[in-house]
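In my numbering, the protein residues as written are 50 to 164.
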């Protein structure tokens, strides 16, 4: 008999599993075909599908969780707006918004501070 890989979006961490033991990845995580685990999105990323890699939050937004809680990456709504006076210029690595330095300002959801 031939062993078959779990489909993308599913995983099995147990050797010798039956197909019904291929478990679904949680929203905010994904897996490729034949995975033993699901990958939770990292800082500034969210997932709309358990079968494809994470997407980057739009500029001026961020997600604080770094691959620990899948539900915090479950959709675009998980991306939080930076407040006025703060910015996120690289959402893919932003764990929080950066405060504008003295003498500079920004509006909400900004990617830079202005003099």
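Backbone N, C-alpha and C fix where the C-beta goes; we use that ideal spot for every residue, glycine too.
In this text, all values refer to a predicted model and were calculated from it rather than measured experimentally.
I need the straight-line Cα distance from residue i to residue j, nearest angstrom please.
{"i": "residue 145", "j": "residue 155", "result": "15 Å"}
{"i": "residue 153", "j": "residue 159", "result": "12 Å"}
{"i": "residue 111", "j": "residue 75", "result": "20 Å"}
{"i": "residue 62", "j": "residue 85", "result": "5 Å"}
{"i": "residue 99", "j": "residue 121", "result": "14 Å"}
Please list, in chain order, all residues of the same chain as residue i whose beta carbon is under 7 Å from its beta carbon, the five residues on each side excluded.
{"i": "residue 133", "result": "155, 156 and 157"}
{"i": "residue 124", "result": "95 and 97"}
{"i": "residue 135", "result": "146, 147, 148, 149 and 155"}
Near residue i, which residues of its chain fall below 6 Å by C-beta distance, leaving aside the five closest residues on each side in sequence?
{"i": "residue 195", "result": "Within the shown structure, residues of the chain are numbered from 50 to 164, placing residue 195 beyond reach of any answer."}
Is the separation between the beta-carbon of residue i and that of residue j shorter than 8 Å?
{"i": "residue 139", "j": "residue 109", "result": "no"}
{"i": "residue 119", "j": "residue 83", "result": "no"}
Report the CB separation of residue i from residue j in whole angstroms; it is logged as a contact under 8 Å.
{"i": "residue 117", "j": "residue 89", "result": "7 Å"}
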